[in-house]
Amino acid sequence: MRPTRIRHVVLWLTVAAYMITYMDRVVLSTAIPMIQKELQLDTGSMGLVTGAFRWGYALFQIPGGWLGDVIGPRKALTAIVIVWSIFTSLTAASWNLASMIIFRFLFGIGEAGAFPIATRSLSRWMLPTERGYSQGVTHAGSRLGGALTPALVVYLTAHYGWRSVFVMFGAIGVLWALIWFVYYRDTPREHKSVNAAELELIEGALGKPKPKAGRRVPWGQILRSPTLWNLSVMYFCYGWCLAIYLDWFPTYLNQGRGLSLRTMGFYATLPLLAGTVGDFFGGWVSDRIAHSSGNLRMARRLVGVAGFAIAAIGIVPAILTASPEACVAFTCLALFGLEVTVGVSWAVPLDIGGDFAGSVSSVMNMCGNMGGAISSTALGYLVQAYGWSTPFLAASAVCALAAILFARIDATKRVFEG
């Protein structure tokens, strides 16, 4: 009997969720010029708006990951997707700076558990040799969603206004949540479409079935792990850099490079498409190296260090060149390198966290988004004081630091045994 491939359907449903998370984030960054014009907000004020999401997202990472480990990802992911979709739509009701800050902060709280819970949802489904690929493809999905959003938002805004776009995107999330709840199960054994061969394949690789939810999370052991904290500081650096491009790159092209809104929408898409390729490539290469060499530690480190080095090098000419086209081309290289690191970064919590990968990854992602919250909030004020080049050149230095940190991560050191 040939094994069924229900685990791959689960993976692609998770990819769709990742796409929606980034679509709902990037819709704001693309709409910033229109929002600024209507609500009379300067760049510093919009930094507070983008930072509000980041702070809500960062501060509720651990509660979100804990929720997925305790009640199971089926219920947890359904609930949080509906919550964040509601606040995505409610962003359309903003009437001033304070209201937009509140709605984006609550949206961040809603999205906070998405990646940790999704990581937990895959921990009992994906084989160890599929972890790098699965994390790469899910994050590629998120970047693809982000890449498609700028041009789509510019088109929809021109026809329906920026407020209607937030309502449309919120509705997509609610639809996904309903499909997830109907199809997904917390363990392969519960899914009626999984045949005996696939069940044997999964459980043979992952060990005996464990309770799907309700187990006490060993926070003491998790928080004492040196590997976790090295991973988390590295991801702080990653989040610092990614937030600049997700939240501000379209506005940079419009205000810093003088491109029209239509041209900005097209050019802002290209680096995220390059990042999508990087996500696929990084996770796949890491798994191939791990499979051929049997050296998991080297497989994770090599890809992570190389990716951050490419990003650090690519950012500098992107900002210093006088040509907008060359700027976008070098930014594509930088985002490719930055995203090469993502699949391996999220594979490590699966490597070291096991059934508590949701809680482990929530700590990592909390630190990453604290970096993003600080950089996204500060950028508006840095631009007003020093110009557009300063925050991007600082990001290059942060990428170099992240490469050094990744060289110290050991994916073979589990947080706990048993």
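Mapped onto the numbering used here, the consecutive letters of the sequence shown carry residue numbers 4 to 421. Beta carbons: idealized from backbone N, C-alpha and C, even for Gly.
Compute the distance between the beta-carbons of residue i and residue j, then report whether it is under 8 angstroms.
i	j	result
Val2	Gly390	This structure leaves residue 2 out entirely; the chain is present only between 4 and 421.
Ala95	Phe169	yes
Ala200	Pro6	yes
Gly148	Gly116	no
Gly340	Gly356	no
Ile247	Ser379	yes
Gly371	Tyr187	no
Arg300	Ala414	yes
Trp179	Ala19	yes
Leu338	Leu275	yes
Val319	Val156	no
Thr230	Ile412	yes
Phe56	Phe110	yes
Roughly how many angstroms lie between the CA atoms of residue i and residue j, to the nearest whole one?
i	j	result
Ile120	Ala325	43 angstroms
Phe239	Ile104	23 angstroms
Ala150	Thr141	14 angstroms
Leu385	Leu93	29 angstroms
Thr254	Trp232	33 angstroms
Ser263	Lys40	15 angstroms
Gly361	Asn257	38 angstroms
Leu353	Arg134	7 angstroms
Met4	His294	25 angstroms
Gly376	Gly259	In the sequence under discussion, the amino acid at residue 376 is Ala, which differs from the Gly named in the question. Roughly 22 angstroms between the two C-alpha positions.
Leu382	Gly47	8 angstroms
Val418	Val351	11 angstroms
Met373	Asn198	43 angstroms
Gly285	Ala314	13 angstroms
Arg10	Ser196	10 angstroms
Leu273	Ser392	20 angstroms
Let me know if residue i comes out buried or exposed under the rule of 16 or more other beta-carbons within 10 Å of its beta-carbon.
i	result
Val185	exposed
Ser167	exposed
Tyr21	buried
Asn99	exposed
Pro153	buried
Trp222	exposed
Ala388	exposed
Ser32	buried
Ser289	buried
Ala101	exposed
Glu328	exposed
Asp45	exposed
Leu181	exposed
Leaving out the 5 sequence neighbours to the left and right, which residues in its chain are closer than 8 angstroms to residue i when beta-carbon positions are compared?
i	result
Lys215	Any reading at Lys215 needs caution, since the residue's pLDDT is 48, under 50, leaving its predicted position unreliable; the model's value is listed next. These residues qualify, in order along the chain: Gly75, Arg127, Asp189, Thr190 and Glu193.
Trp69	Val220, Gly361, Ser362 and Ser365
Val12	Tyr186
Gly50	Ser379, Thr380, Ala381, Leu382, Gly383 and Tyr384
Ile83	Gly67, Leu70, Gly113, Glu114, Ala115, Gly116, Ala117 and Ile120
Ala398	Trp243, Cys244, Ile247, Ile318 and Ser378
Arg8	Glu201
For residue i, which residues in the same chain have their Cβ closer than 7 angstroms to its Cβ, ignoring the five residues on either side in sequence?
i	result
Phe283	Gly139, Val140 and Ala143
Thr17	Ala121, Ser124, Leu125 and Thr141
Met267	Pro253, Leu256 and Asn257
Ser296	Ala302
Pro131	Ala208
Ser97	Met103 and Phe106
Who are the Cβ neighbours of residue i in its own chain at under 6 angstroms, not counting the five residues just before and after it?
i	result
Gly307	Thr344, Val347 and Phe409
Leu204	Pro6
Leu336	Gly317
Gly176	Ile23, Val84 and Ser88
Ala312	Ala406
Tell me, please, whether the CB atom of residue i is closer than 8 angstroms to any CB atom in chain B?
i	result
Ser392	Although the question refers to chain B, the structure presented lacks it and comprises just one protein chain.
Checklist entry - Can you find at least 3 beta carbon pairs, one from the stretch 225-242 and one from the stretch 392-410, that sit closer than 8 angstroms? => result Yes: at least three Cβ pairs fall under 8 angstroms.
Checklist entry - Is it true that the stretch 56-68 meets the stretch 152-168, where meeting means three or more beta-carbon pairs spaced less than 8 angstroms apart? => result The count of Cβ pairs closer than 8 angstroms, one atom from the stretch 56-68 and one from the stretch 152-168, stays below three, leaving the stretches out of contact.
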